[in-house]
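Let me begin by presenting the structure, written as structure tokens, before commenting on it.
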Amino acid sequence: MIQNLSPEEIVRREALEKLRAKGIEPFPAAEFKVTATSQECIDQYEEGREVRLAGRLMNMRDMGKASFAHLQDATGRVQIYINVDSICPSEDKSFYKEVVKHLLHFGDFIGVEGKLFTTKMGEISVHVAQLTVLAKSLKPLPVVKKDEAGNIYDAFTDPELRYRMRYVDLVVNDKVKETFIKRTRIVNAMREFFNERGYLEVDTPVLQAIPGGASARPFVTHHNALDVPMYLRIANELYLKRLIVGGFDGVYEFSRNFRNEGMDRTHNPEFTVMEIYVAYKDYHWMMDFTEAMLRHVCEKALQTTVVQFGEKTIDFGKPFARVSMTEAIQRYTGFDITGKSEQELFAFAQSIGIEVNATMGKGKLIDEIFGAKCEGQFVQPTFITDYPVEMSPLCKRHRDNPELTERFELMINGKEVANAYSELNDPIDQRARFEEQLSLQERGDDEAMFIDQDFLRAMEYGMPPTSGMGIGVDRLVMFLTNNETIQEVLFFPQMRPEKFESGPNPKEFEALGIPVEWVEHVIKAGYDSVEKLKAAKPTAVHQTLNGYRKKNKLEIPAVQLEEVNGWML
RNA sequence: GAUCUCGUAGCUCAGCUGGUAGAGCAAUACACUUUUAAUGUAUGGGUCCUGGGUUCGAGUCCCAGCGGGAUCACCA
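If you're matching positions, the first sequence starts at 22 in our numbering and goes up one per residue.
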């Protein structure tokens, strides 16, 4: 296959061949032993210290008989100084003059060995005594420049390219790497918090026969051997509860969930939720636990409990406010939902401009009112508690009011980040609630839950009182890393699959009898498919090709008209 | 799924009421042994997303498609 290479790519490929011709393997197999990272060179600077480090060559500045560049490794960048006489101590200066000056390019991986020193301008640098080519880069990276004040020029910003080629984004945009390092630190801090308390990290099925535990459209697949439909999980809740039935005191899982729904800046078809279930606890305990956990995460991962998100400052250090759903709606609409009928709620929702329809039950109506008028108001971490029973089919009824449930959601910056219950463990009530969902489904609510009979059976064997909590990891990471879109906190966000032009196949051209040395030029001259070539007049092809040959000064025999006629048969 | 908007050099972007494409950086060549957005001089580089249409003439106007982004709907 012939690729259309840019002039810069051709230069790099030629450099690759020239390196080989000089006996330098551009992709050597041997380990390059590293004794320091760029960060260590700076943090543990000692004049004259011998270091060996490896990374990408960035921003080469050729000064004649000496050159400066930066070497970028996983920890950052350090300047390197390459001087003819140091790198070529003998008479033969060709390594510097040819290899360093002409055959190395921006983005190449190299290893260097040398002593640390500080330049006149005060920058810690490696005075290179030996340089090893570790891997040639055949495509030029986008060049991003930064001045002394930290202003960035010509940034690589196109979101499509950044997400499709995250590997390039990571190399070139420093902040991107920071976000993902923080993401891992956040996850590690959570894990550490749970493990310290003796809770067990578990794995439950991703491929499920019944997509339960949440209301969402699943991705459907098929198991060939069993000849049954299977679903990618939309939640793992029901499996973790089965484990509580089985006798574990506390289990948690970082669950990759899949939902076949819209994609936007806060939704990706696959996303991560951490779910934890702890036996003998209730949702009050879980609020304290969640609050402590988030504080721990902030301290461990960010070294602060005060987080900047856009214009807003979010304080995880102060106690989180706790507001009931009823209070919240009363506060922001003046309407008291207590004891109201479905008709009354319907009328009120309609009166404040919410689009309503007949499929909506009480729970849905309350949820809509809250979503429209209240949700956005809670910028600081706030627990919204005591949701109506219709909205929460897996949650235990409130101990003081059977129309409510013992549920809370944690709101941060007006968005739901965590959701928790005193889990419903009465199997008879649970069955009734599932049936209620079924009737909602019949009314046309396509998000109502499926009934999982095995889950009900497990409940019938007895589940201890348990509190469970789920937290949207991607969303939490967004808030803690000051990113407005989920795509920025996922390495490879879902994108429409990219189409690669397969390009012309030289073999097809050769099959027509076109000389091998001509095939490439026939394609470049514009006949990029066999069909196109055959559709053209032989005389025109003949003239075009010989014109092309002359223009590009090709040292191959001109084509004859009879030859061209032969190809067209 | 709907509406708006964008697609020009490797990257970031100009290109007015239609007249056959520009800049900076990157590349190439030369100069320069402590520079740092290095500098100076010179050179090369484009299917203006694709396909139609209007026009003497389309990067520019119109239509359709493809691909992004934003807003909305759904959802976490």
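We put the beta carbon where it would ideally sit given N, CA and C, even for glycine.
From a predicted model like this one, the values you see are computed outputs, not experimental measurements.
Tell me whether the beta-carbon of residue i lies closer than 8 Å to the beta-carbon of residue j.
i	j	result
LEU221	GLY271	yes
ILE472	LEU461	no
ILE63	ILE145	yes
VAL121	LEU152	yes
GLU4	VAL223	As displayed, the chain neither begins before 22 nor continues past 590, which places residue 4 out of reach and without an answer.
PRO448	GLU411	no
ASN289	LEU501	no
ASP190	ARG183	yes
ARG73	LYS54	yes
ASN257	THR225	yes
GLU430	CYS416	no
LYS157	ALA322	no
GLU444	LYS262	yes
LEU497	ILE207	yes
For residue i and residue j, what's the separation of their Cα atoms in angstroms?
i	j	result
ARG33	LEU159	6 Å
ILE350	ASP388	10 Å
ILE23	ALA57	Note that ILE23 scores a pLDDT of 45, beneath 50, so its modelled location is shaky; the value from the coordinates is reported in the next line. Answer to the nearest angstrom: the Cα atoms are 42 Å apart.
PHE341	PHE310	12 Å
PHE116	GLU217	56 Å
THR380	GLU348	26 Å
GLN100	ILE45	24 Å
GLN581	LEU26	29 Å
GLY135	GLY69	9 Å
ALA210	PRO163	35 Å
GLY12	GLY534	Here the chain comprises residues numbered 22 to 590, so residue 12 is not present and cannot be evaluated.
SER413	PHE177	45 Å
ILE335	THR325	11 Å
HIS243	PHE337	44 Å
ASN446	TYR260	14 Å
PHE214	ALA95	27 Å
HIS123	ALA36	8 Å
PHE476	LYS383	26 Å
ARG277	CYS109	54 Å
PRO180	PHE369	42 Å
GLU169	GLY283	43 Å
Helix or strand or just coil, what does DSSP make of residue i?
i	result
HIS305	helix
ASN80	strand
MET22	Caution applies to MET22, whose pLDDT of 36 falls short of 50 and renders its modelled position unreliable; the model cannot decide the point.
VAL585	helix
ARG73	strand
PRO180	helix
ILE335	strand
ASN216	helix
LYS198	helix
PHE127	coil
ASN209	helix
SER362	coil
ARG418	strand
VAL193	helix
ASP357	coil
VAL105	helix
ASP94	strand
LYS54	coil
Applying the 10 Å Cβ sphere with the 16-neighbour rule, what's the burial state of residue i?
i	result
MET484	buried
GLY355	exposed
MET84	exposed
ARG77	buried
ASP421	exposed
PRO409	buried
PRO514	buried
GLU48	Correcting the residue type first, residue 48 is Phe in the shown sequence and not Glu. By the 10 Å Cβ count, PHE48 comes out exposed.
VAL494	buried
ALA532	exposed
ASN440	buried
ILE373	exposed
LEU366	buried
Any 3 or more C-beta pairs closer than 8 Å across the stretch 252–259 and the stretch 226–242: yes
Cβ contact (3+ pairs, closer than 8 Å) linking the stretch 98–112 and the stretch 132–140: yes
Given 8 Å, three or more beta-carbon pairs between the stretch 395–415 and the stretch 433–450: yes
Three or more C-beta pairs below 8 Å linking the stretch 486–500 and the stretch 298–315: yes
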